[in-house]
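Numbering (the UniProt record's numbering), first residue to last: 1 to 481.
Here a beta-carbon is modelled for each residue, glycine too, at the ideal position from N, C-alpha and C.
Quantities reported herein were computed from a predicted structural model and do not represent experimental measurements.
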């Protein structure tokens, strides 16, 4: 591993003593010897100062690069380590029982209508091989140097492992500059899991099966996943459907029907949500604590660059990544009827992700609604969209969404109070019929909250960019090289 010139400062005294022992004759007095040593030390310091002044300051990451091999066995073997132990005890998820089979797969990406009829309408998972291949990212994103130079100053959400406590792993999400992540991810316990800033979308693909019709009107968000070495996700599910496509590396998927979530000490995202997660340590399942896991059926697939997987809303999944892994997820809100408006028989091989219209965006380290100028009819359509396939919107789902998009904004009304604009007192849900008949005044109140909040966000972002005081430097120092 190379070192910068300044790395040699710590070796000054050692090399000085070695030089002294070699070149100093035995008949020189102790006083003369000390004077000679002091002169050499001064000279060495001068040389170091000259090097520091005239050479660029370089920086080296100290540590070991994580294992980037991609030959891990999956599905793993199922066996007992001892007669007294259950199968797969303290082994990765999937070693407790054999899979029920591979996920249904096709050799290519289906057309949008076919995708809806064969997979989305029946909540059936599917894997599509060679589904995306012509995006510029397959070439340009091979090099972290390119990513650092072009997108390094963008802020991203990164999950960092902070502790392992008994059978669970604790992690936290940090917002950091992309270049900081790229500098650390080959060495440290972290992986990027972030809604994609708009600036990065031009080089990423919008997959064929979701480009048109009803699906294209229900894009929730697009997320980027990036890691190195053998990383392992939490057991989790989403409230929306998702299409996940691999650009680099290898990803192993375990899929489990949502009805089994009680076996995993699962926490719902909100009351009645299809989304949630478990903090169980997926690399070391305690088969005594979680006895039911050995009875839970599961299916699997391994994805390589260009492959995509469809995971229906509510389906539990766990993912292991190998090598330098980069992948893309597009979430879209569930629906029950498909309109093929805008679909054509012949489609272009590549359309950039930036052509999609997403409900949520991520800019300057903040998640927010893409649209920042709302009126009453926009709010009505948003409420209907949030209902998904159900016949009503609950206060719990509205509260969760409201906090996601306005959580960092100060002095906005409480989400429960805002929901009361739409309903009678103490009601916990509103039906589709009621939403369609809501008075303009009630809807405009919510539109005004959104518009006012996003003006505050813009002002705060402008202020943050213009400030260069010591407090601001300290706050973001960890994000810089």
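{"query": "In the DSSP output, which residue or residues are listed as bridge partners for residue 237?", "result": "276"}
{"query": "What are the uninterrupted segments assigned as beta strand (DSSP E) that are 3 or more residues long and contained completely in the segment 259-314, given in chain order?", "result": "276-278, 299-303 and 308-311"}
{"query": "Contact defined as beta carbons within less than 8 Å: I believe residue 128 pairs with residue 105. What is the distance between those atoms, to the nearest angstrom?", "result": "7 Å"}
{"query": "Roughly how many angstroms lie between the CA atoms of residue 365 and residue 412, to the nearest whole one?", "result": "20 Å"}
{"query": "Can you list, in chain order, the stretches of the beta strand (DSSP E) that have 3 or more residues and sit fully within the segment 55-137?", "result": "126-128"}
{"query": "Measuring alpha carbon to alpha carbon, tell me which residue in 452, 288, 322 and 285 is nearest residue 226.", "result": "322"}
{"query": "Since residue 251 sits in a beta bridge, which residues does DSSP pair it with?", "result": "303 and 321"}
{"query": "Give the straight-line distance between the Cα atoms of residue 490 and residue 329, rounded to the nearest whole angstrom.", "result": "For residue 490 there is no data in the structure shown, the boundaries of the chain being 1 and 481."}
{"query": "Please classify residue 83: is it buried, with 16 or more other beta-carbons within 10 angstroms of its beta-carbon, or exposed?", "result": "exposed"}
{"query": "Under 6 Å Cβ to Cβ from residue 65, same chain only, skipping five residues before and after it: list those, please.", "result": "186"}
{"query": "Helix, strand or coil for residue 151, going by three-state DSSP, please let me know.", "result": "helix"}
{"query": "Based on the DSSP secondary-structure assignment, which residues constitute the bridge partners of residue 245?", "result": "308 and 328"}
{"query": "Between the segment 286-301 and the segment 208-215, do three or more beta carbon pairs fall short of 8 Å?", "result": "no"}
{"query": "Can you tell me whether residue 399 is helix, strand or coil according to DSSP?", "result": "helix"}
{"query": "Suppose the cutoff is 6 Å on Cβ atoms and the five residues either side in sequence are ignored; what does the same chain contact list for residue 94 look like?", "result": "75, 76 and 254"}
{"query": "Decide yes or no for the touch test of the segment 334-350 against the segment 393-407: beta carbon pairs closer than 8 Å, at least 3 of them.", "result": "no"}
{"query": "Determine whether the beta carbon atoms of residue 267 and residue 275 lie at a separation below 7 Å.", "result": "no"}
{"query": "Skipping 5 residues on each side, what residues in its chain have a beta carbon closer than 6 Å to that of residue 200?", "result": "151"}
{"query": "Mind checking who residue 226 pairs with in its DSSP beta bridge?", "result": "192 and 326"}
{"query": "Indicate whether at least one CB of chain D lies closer than 7 Å to the CB of residue 349.", "result": "Chain labels in this structure do not include chain D; a single protein chain is all it has."}
{"query": "Should residue 130 and residue 350 be called a contact, given that it needs their Cβ atoms to be closer than 7 Å?", "result": "no"}
{"query": "As a quick exercise: from 422, 301 and 399, pick the residue whose alpha carbon is nearest that of residue 414.", "result": "399"}
{"query": "Which residue or residues does DSSP assign as beta-bridge partners of residue 368?", "result": "361"}
{"query": "Could you tell me which residues DSSP puts in a beta bridge with residue 176?", "result": "156"}
{"query": "Please determine, among 363, 243, 282 and 293, the residue with the shortest C-alpha to C-alpha distance to residue 307.", "result": "243"}
{"query": "Give the C-beta separation of residue 195 and residue 221 to the nearest angstrom, bearing in mind that I take them to be a contact with Cβ-Cβ under 8 Å.", "result": "5 Å"}
{"query": "Quick check on the burial criterion: 16 or more other C-beta atoms within 10 angstroms. Buried or exposed for residue 26?", "result": "Interpretation of residue 26 is limited by its pLDDT of 48, a score under 50 that renders its predicted location unreliable; no figure is taken from the coordinates."}
{"query": "What separation, rounded to the nearest whole angstrom, lies between the Cα atoms of residue 392 and residue 257?", "result": "24 Å"}
{"query": "DSSP three-state call for residue 185: helix, strand or coil?", "result": "coil"}
{"query": "Identify the residues that DSSP records as bridge partners of residue 393: which are they?", "result": "430"}
{"query": "Can residue 443 and residue 430 be called in contact, C-beta distance under 7 Å?", "result": "no"}
{"query": "Which residues does DSSP list as the beta-bridge partners of residue 232?", "result": "320"}
{"query": "Which partner residues of residue 452 appear in the DSSP bridge assignment?", "result": "Answer is none; residue 452 lacks a bridge partner."}
{"query": "Leaving aside the five residues before and after residue 112 along the sequence, list all residues of the same chain whose C-beta is less than 6 Å from its C-beta, in chain order.", "result": "209, 212, 213 and 343"}
{"query": "Quick check: residue 435 and residue 379, are their CB atoms within less than 7 Å of each other?", "result": "no"}
{"query": "Which whole-angstrom value is the C-beta distance of residue 233 and residue 319, which I expect to be below 8 Å?", "result": "4 Å"}
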